[in-house]
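Comments concern the structure below.
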Amino acid sequence: MIELEGLTKRYGEKLAVNNLTFTVRPGMVTGFLGPNGAGKSTTMRMMLGLDRPTAGDVRIDGRHYDHLKDPLRYIGALLDAKAMHGGRSAFNHLLCLAQSNGIPSRRVAEVLDTVGLTAVARKKAKGFSLGMGQRLGIAGALLGDPRILMFDEPVNGLDPEGIHWIRNLMKSLAAQGRTVFVSSHLMSEMALTADHLVVIGQGRLLADTSMADFIERNSRSYIRIRSPQRERLLDVLHEEGVTVIESGSGALEVDGGKAEQIGELAAQHQIVLHELSPQQASLEEAFMQLTAGAVEYHAHADTPLDAPYETPYGTPFENRYETPFETPPQRQHWGEDWKRR
Ligand SMILES: Nc1ncnc2c1ncn2[C@@H]1O[C@H](COP(=O)(O)OP(=O)(O)OP(=O)(O)O)[C@@H](O)[C@H]1O
């Protein structure tokens, strides 16, 4: 378990991490999300005792990192895959780590096998590709067989097979009851891997919740319906008091309804349906909705002001709220500007 309490880091004028309090629990993969510059790496560095907090506290299984004897046996981390002695072979790099942390040297061959680097174990790390470097960094994290694992952007540079491998590795580590904390900008990957999410923006906590709850709270879910008898269906739904949104593509959308009820209603009135599908926004859409006001670095150049790029939830990367941390609008307001019957 990793516990943060009021964790704060200031670099001069810059408040990089602002009063973060949350707990990373065992037995699940916790995703750590935030726009560029949100403070994720700084937070992870403080967890590992690499940066001293300006205020607040981090405890690893109840103890400060500095007080852990042989810390690699408690917490393994991949922060910067390039942070290794390039002149050493993969085997020797891991052997040095093992020897300085009281870890039996037989673990070196075991973790090299786990990450698929046995064949290149004697090759110098400086000749490794980005993906091989990531695998070696992950081997280092696994070396002490720790109960807690932390990965900063672990899929960087990995090919699809490598991404699939690390997804399964993280899930299996969590299934063994370990604490797995992982940051990534790849939302589709995070959606497949994480059970729980911690989201920060401009150093502050924006969400600490399950993946399902995060998407539910920060996006719109609705039923999409297509029918060749659209006008009749509209009349029937209207008579039943169901609020329908007519989307531009000819489909109808019902917020908060149940597909079964709409299907049965259509059947009762002998209305043919070509589509009846529950729609849920992706993690990426939910993330952009939540963090829209907390994005530090905006891209303006290729988005002309008179032709904004719209999503059903608004314009991404637009500061839509007065302050970064103002509560996002309630769901019933979304789609308000769409044509309602
Ligand atoms: N050593 C430092 N000195 C001054 N400012 C720093 C330092 N390290 C980080 N910062 C600033 O603190 C803020 C948080 O940076 P951090 O790298 O933790 O963000 P991040 O969420 O990991 O970003 P990214 O997703 O881009 O990796 C940024 O504004 C960054 O410029």
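Numbers given in my numbering equal positions in the sequence shown, counted from 1, plus 18.
Ideal Cβ positions, reconstructed from N, Cα and C, are used throughout, including at glycine.
With a beta-carbon spacing of about 15 Å, R238 and L270 fall beyond the 8 Å limit used to define contacts. For G52, the distance from the CB to the nearest heavy atom of ligand 1 is below 7 Å. The closest heavy atom of ligand 1 lies 7 Å or more from the beta carbon of S107. Using a Cβ distance threshold of 8 Å, G94 and A192 do not count as a contacting pair. Only residues of its own chain outside the window of five on either side were considered, and among them P44 and G45 have a CB closer than 7 Å to the CB of G195, listed in chain order. Take the alpha-carbon of S190 and the one of V198: they are about 10 Å apart. Relative to the Cα of D88, the nearest Cα in the group V76, Q117, P71 and D69 belongs to Q117. For R81, no beta strand (DSSP E) encloses it, and the DSSP letter there is neither H nor E. Segment contact: the region 201 to 221 against the region 37 to 57, three or more CB-CB distances shorter than 8 Å; contact assigned. For G24, the shortest separation between its Cβ and any heavy atom of ligand 1 does not lie below 7 Å.
For the pair A209 and T261, the Cα-to-Cα distance works out to about 30 Å.
By the Cβ rule, the region 221 to 230 does not count as touching the region 275 to 285, because fewer than three pairs are nearer than 8 Å. In this structure, DSSP gives I121 a state outside helix and strand, which the three-state scheme calls coil.
In the structure shown, S228 adopts extended strand secondary structure according to DSSP, grouped into three states. By alpha-carbon distance to A299, the top candidate from I78, H256, I241 and L251 is I241. Taking R250 as the centre and dropping the five residues before and after it, the same chain places the C-beta of I289 closer than 6 Å to its C-beta, in chain order.
Taking C-beta separations shorter than 6 Å and ignoring five residues to either side along the sequence, the partners of T136 in its chain run L130, following chain order.
Around the beta-carbon of D231, fewer than 16 other beta-carbon atoms lie within 10 Å, marking it exposed.
Counting the other Cβ atoms within 10 Å of the Cβ of D98 gives fewer than 16, which makes it exposed.
Taking C-beta separations shorter than 6 Å and ignoring five residues to either side along the sequence, the partners of D75 in its chain run E23, following chain order. Boundaries cannot be given for G30, as no alpha helix (DSSP H) includes it and DSSP labels it neither H nor E. For M64, the secondary structure class from DSSP, reduced to helix, strand or coil, is helix. If only complete runs of 3 or more residues are kept, the region 220 to 305 shows the beta strand (DSSP E) at 222 to 228, 239 to 244, 270 to 273 and 293 to 298, in order along the chain. Beta-bridge pairing by DSSP links S201 to F50 and D170.
Counting C-beta pairs with one atom in each stretch, the region 25 to 36 and the region 68 to 83 have three or more that are closer than 8 Å, which means they touch. Annotation for A95: no alpha helix (DSSP H) segment contains it, though the beta strand (DSSP E) segment containing it runs I93 to L96. In chain order, S201, S202 and H203 place their CB closer than 8 Å to the CB of E171, counting only its own chain and leaving out the 5 sequence neighbours on each side. Taking 8 Å as the cut-off, the Cβ atoms of L86 and T61 do not count as close.
Contact annotation: L161 and L96 have beta-carbon atoms that are not nearer than 8 Å. Straight-line spacing of the CA atoms in L154 and P164 works out to 16 Å.
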